[in-house]
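Asks: As given, the protein sequences belong to chains A and B, one line each in that order.
According to the numbering used here, the residues represented by the first sequence are 1 to 251, in order.
According to the numbering used here, the residues represented by the second sequence are 252 to 502, in order.
Structure incoming, see below.
There are 2 protein chains.
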Amino acid sequence: MITSPQNERIKRMKQLHKKKGRVQTNSFLIEGFHLIEEAYAAKWNIQTVVVREELCVPSFLQGENVLRVSERVFDSLAQTNSPQGMIAVVEMKTYSFIDTPLTLIIDAVQDPGNIGTMIRSADAAGFGLVILGEGCADLYNDKVIRSTQGSMFHVPVLQMKLEDAYKELRMRGTNIVATALEGAVDYTKMITDEKMALLVGNEGAGVHQQYIDMADQIVKIPIYGQAESLNVSIAASILMYDMKRKIASVS
Amino acid sequence: MITSPQNERIKRMKQLHKKKGRVQTNSFLIEGFHLIEEAYAAKWNIQTVVVREELCVPSFLQGENVLRVSERVFDSLAQTNSPQGMIAVVEMKTYSFIDTPLTLIIDAVQDPGNIGTMIRSADAAGFGLVILGEGCADLYNDKVIRSTQGSMFHVPVLQMKLEDAYKELRMRGTNIVATALEGAVDYTKMITDEKMALLVGNEGAGVHQQYIDMADQIVKIPIYGQAESLNVSIAASILMYDMKRKIASVS
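Okay, structure coming up:
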């Protein structure tokens, strides 16, 4: 059992709190039973499981690389207030571009909770791919991971330049629907196609103009009251469910 | 100018960080230019504006009760990291029950961000009333206020027992639509009525069974992927926009 927060393995794990450390080792941390169970079920490579001294190792993790640590060591590694005594080091997964009817593209959304919630909604709405463009919160940020509630292990998420994403989507004949306030039609008038991609943007500034200009359609959600706008993850989810309904009624 | 965080007025204001202090004085704090501007425009009673020493008082606040404070005093009162140098004490507003086509009822949702986001979405979707039942985060909690983005000043929000809310809604002939996983129909099959109320519940446990049993309809949002559920503020917003569309197409 490791009892010192200065232990070399623990110190290396703490470097995974930062993006630099994650990129260098191609791995990241997840906390809590539920997320670890989801990662395991989805066959992600769990490299190490750190378990607090007094806890039993769940049966599905027996045979895995388990590291027992004292409460003090555990708390020094944990990033949430109640991580349920279990933290795992998981290897990142690299996906190639996927041919799928419904794709969500996110342009420069900075809030980790919004990114995670959109990945969760994309999973729920049956979207096959999520693309995080430049300026988005890192997929492996602990708050992003927590907000996905496990959906990051179900839906392929690519971090790539939107220029490149557009090329891939074009090659596959995907109809790209951008959200914007100007020059946009009510989303209920969106034209349905066999393959569609929804593009949403930054909380304050919206989608970069260059990507709006290159889109096939521009839609907006009407505001009936006095609110200035909807939260981006709310707007994306309303539109994703609408697109799922439309595409299901066509096919 | 107040330079001591131990100043009696500042100490009394700090008591508004807690629900007890807010209830005792019937007032609450809001931070930042945008929220203060929204409260002012909506004619809420701004009792005091605390302004950090080096800042100018915006023109619409001239003539109000302005209190100049040093940076140290300001920071001791602020609850956000970047409160833009301005905090206001605002009097609570008491609404009576309102006859409106669309009402949102929230049962025991604990996360302040979810409560605030739902109030914002209710405003955007043209809902006329929001009801917070027992077990919900307090409306005047700073995180709730921030997440409403000002919509709490646009839409009447009542904090009351759901039994009483049901009575009021029944008296007005409102069709109550509860969300649940069991015994529910797909939300696209929801029956439209002239007056409708949407009932959503706690993040983990959902709506209390007694309120589901008393509802006129039970609906759910289908999950197409592997996510276990949607975030409650996402689900509520998808349903509110769907109800708004349905009710608009009827009238």
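By construction, the Cβ of each residue, glycine as well, lies at the ideal position given by its N, Cα and C atoms.
Please report the Cβ distance between B/Y492 and A/I238, rounded to the nearest whole angstrom; I am assuming they are in contact, meaning their Cβ atoms lie under 8 Å.
Replies: For the purposes of this step, residue 492 of chain B is taken as the residue at position 241 of the second sequence. For the purposes of this step, residue 238 of chain A is taken as the residue at position 238 of the first sequence. Correct: roughly 5 Å between the Cβ atoms.
Asks: Can you check the region 115-186 of chain A for any alpha helix (DSSP H) of at least 4 residues that lies completely inside it and give the ranges in chain order?
Replies: Segments of the alpha helix (DSSP H) lying fully in the region 115-186 of chain A: 142-148 and 162-171.
Asks: Establish whether the CB of A/A184 and some CB of chain B are separated by less than 8 Å.
Replies: As a working mapping, residue 184 of chain A is identified with position 184 in the first sequence. Chain B, which has no Cβ nearer than 8 Å to the Cβ of A/A184, makes this no.
Asks: Identify whether A/T3 lies in helix, strand or coil by the three-state DSSP scheme.
Replies: Here residue 3 of chain A refers to the residue found at position 3 when the first sequence is read from its first residue. In the structure shown, A/T3 sits in coil (DSSP, three-state: anything other than H, G, I, E or B).
Asks: Could you tell me which of A/D107, A/G173 and A/M190 sits nearest to A/G208, measuring between CA atoms?
Replies: Sequence index remark: in the first sequence, residue 208 of chain A carries index 208 (1-based). Per the sequence shown, residue 208 of chain A should be read as His rather than Gly. Nearest of A/D107, A/G173 and A/M190 to A/H208, Cα basis: A/D107.
Asks: What is the residue span of the alpha helix (DSSP H) that A/I46 lies within?
Replies: Position 46 of the first sequence holds residue 46 of chain A. Here A/I46 belongs to no alpha helix (DSSP H); instead the beta strand (DSSP E) covers I46 to R52.
Asks: Given 8 Å as the limit, is there contact between the region 427-444 of chain B and the region 381-401 of chain B, that is, 3 or more CB pairs closer than that?
Replies: With the cut-off at 8 Å, the region 427-444 of chain B and the region 381-401 of chain B do not touch.
Asks: For A/Q75, report the span of its alpha helix (DSSP H) as first-last.
Replies: Residue numbering aside, residue 75 of chain A sits at position 75 when the first sequence is read from its first letter. As written in the sequence, residue 75 of chain A is Asp, which differs from the Gln given in the question. Start and end: E71 to L77.
Asks: Could you tell me the alpha carbon to alpha carbon distance between B/E282 and A/K195, rounded to whole angstroms?
Replies: The sequence position of residue 282 of chain B within the second sequence is 31, counting from 1. The sequence position of residue 195 of chain A within the first sequence is 195, counting from 1. Taking the straight line from one Cα to the other gives about 44 Å.
Asks: Rounded to whole angstroms, what's the CA-CA distance from A/I223 to A/A235? Just pull it up for me.
Replies: Taking the first sequence and counting its residues from 1, the one referred to as residue 223 of chain A is at position 223. Taking the first sequence and counting its residues from 1, the one referred to as residue 235 of chain A is at position 235. One C-alpha to the other measures close to 11 Å.
Asks: Can you pull the DSSP bridge partners for B/R496?
Replies: As a first step, residue 496 of chain B must be located in the second sequence, where it is residue number 245. Looking at the DSSP assignment, B/R496 forms no beta bridge with any residue, so it has no partner.
Asks: Can you pull out the residues from the region 114-138 of chain A whose beta carbon lies closer than 7 Å to at least one beta carbon of chain B?
Replies: Those would be T117, R120, S121, D123, A124, A125 and G126, in chain order.
Asks: CB-CB under 7 Å to A/Q159, same chain, minus the five flanking residues each way: which ones, in chain order?
Replies: Here residue 159 of chain A is taken as the residue at index 159 of the first sequence, counted from 1. The answer, listed in chain order, is L132 and L139.
Asks: Does any residue of chain A bring its CB to less than 8 Å from the CB of B/R496?
Replies: The sequence position of residue 496 of chain B within the second sequence is 245, counting from 1. For B/R496, the answer is yes, since a Cβ of chain A falls inside 8 Å of its Cβ.
Asks: Is B/S278 close to chain A? Criterion is C-beta to C-beta, closer than 8 Å.
Replies: The residue you call residue 278 of chain B lines up with position 27 of the second sequence. No, no contact with chain A.
Asks: Do B/D226 and B/R421 have their C-beta atoms within less than 8 Å of each other?
Replies: Given that chain B is displayed from residue 252 to residue 502, the structure contains no residue 226 of chain B and the question cannot be resolved.
Asks: With DSSP collapsed to three states, give me the class of B/K262.
Replies: Position 11 of the second sequence holds residue 262 of chain B. Looking at B/K262 - three-state DSSP - the assignment turns out to be helix.
Asks: Are the C-beta of B/A431 and some C-beta of chain A separated by less than 8 Å?
Replies: The residue you call residue 431 of chain B lines up with position 180 of the second sequence. Closer than 8 Å: no.
Asks: Does DSSP classify B/F269 as helix, strand or coil?
Replies: Position 18 of the second sequence, counted from the first residue, corresponds to residue 269 of chain B. The identity of residue 269 of chain B in the sequence shown is Lys, whereas the question assumes Phe. Coil at B/K269, not helix or strand.
Asks: So, does the region 361-377 of chain B touch the region 311-319 of chain B, judging by three or more C-beta pairs under 8 Å?
Replies: Judged by Cβ distances under 8 Å, the region 361-377 of chain B makes no contact with the region 311-319 of chain B, as fewer than three pairs qualify.
Asks: Can you give me the Cβ contacts of B/H405 inside the same chain, cut-off strictly under 6 Å, excluding the 5 residues immediately before and after it?
Replies: On the second sequence, position 154 is the one that residue 405 of chain B refers to. Closer than 6 Å at Cβ, skipping near neighbours: D374.
Asks: Please return the same chain residues whose Cβ sits closer than 7 Å to the Cβ of B/D444, not counting the five positions on each side in sequence.
Replies: Here the question's residue 444 of chain B lines up with position 193 in the second sequence. Taken in chain order, the residues that qualify are N426.
Asks: Expressed to the nearest angstrom, what Euclidean distance is found between the alpha-carbon atoms of A/D142 and B/S500?
Replies: Taking the first sequence and counting its residues from 1, one reaches residue 142 of chain A at position 142. Taking the second sequence and counting its residues from 1, one reaches residue 500 of chain B at position 249. Near 43 Å, if we compare the C-alpha coordinates of B/S500 and A/D142.
Asks: My output table needs one value for A/G201: the three-state DSSP class, helix, strand or coil.
Replies: In the first sequence, the residue the question calls residue 201 of chain A occupies position 201. Residue state, collapsed to three classes: strand.
Asks: For A/N45, decide whether its Cβ has a neighbour in chain B, counting only Cβ atoms nearer than 8 Å.
Replies: Along the first sequence, read from residue 1 onward, the residue named residue 45 of chain A stands at position 45. By this cut-off, A/N45 is not an interface position.
Asks: How big is the Cα-Cα spacing for B/K262 and B/K270?
Replies: On the second sequence, residue 262 of chain B is found 11 positions in, with the first residue counted as 1. On the second sequence, residue 270 of chain B is found 19 positions in, with the first residue counted as 1. For B/K262 and B/K270, the distance between alpha carbons rounds to 15 Å.
Asks: For the region 295-302 of chain B against the region 333-348 of chain B, are there 3 or more C-beta pairs whose distance is under 8 Å?
Replies: Cβ pair count under 8 Å is three or more, so yes.
Asks: Count the other C-beta atoms from every protein chain shown that fall within 10 angstroms of the C-beta of B/L328, then say buried if there are 16 or more, exposed otherwise.
Replies: The count along the second sequence starts at 1 and reaches residue 328 of chain B at position 77. Buried.
Asks: Compare the C-beta of B/S333 with all C-beta atoms of chain A and state if any pair is closer than 8 Å.
Replies: Locating residue 333 of chain B in the second sequence gives position 82, counting from the first residue. No, because no Cβ of chain A sits closer than 8 Å to the Cβ of B/S333.
Asks: Is the Cβ-Cβ distance between A/N114 and B/T368 less than 8 Å?
Replies: Translated into the one-based positions of the first sequence, residue 114 of chain A becomes position 114. Translated into the one-based positions of the second sequence, residue 368 of chain B becomes position 117. No, the Cβ-Cβ distance between A/N114 and B/T368 is not below 8 Å.
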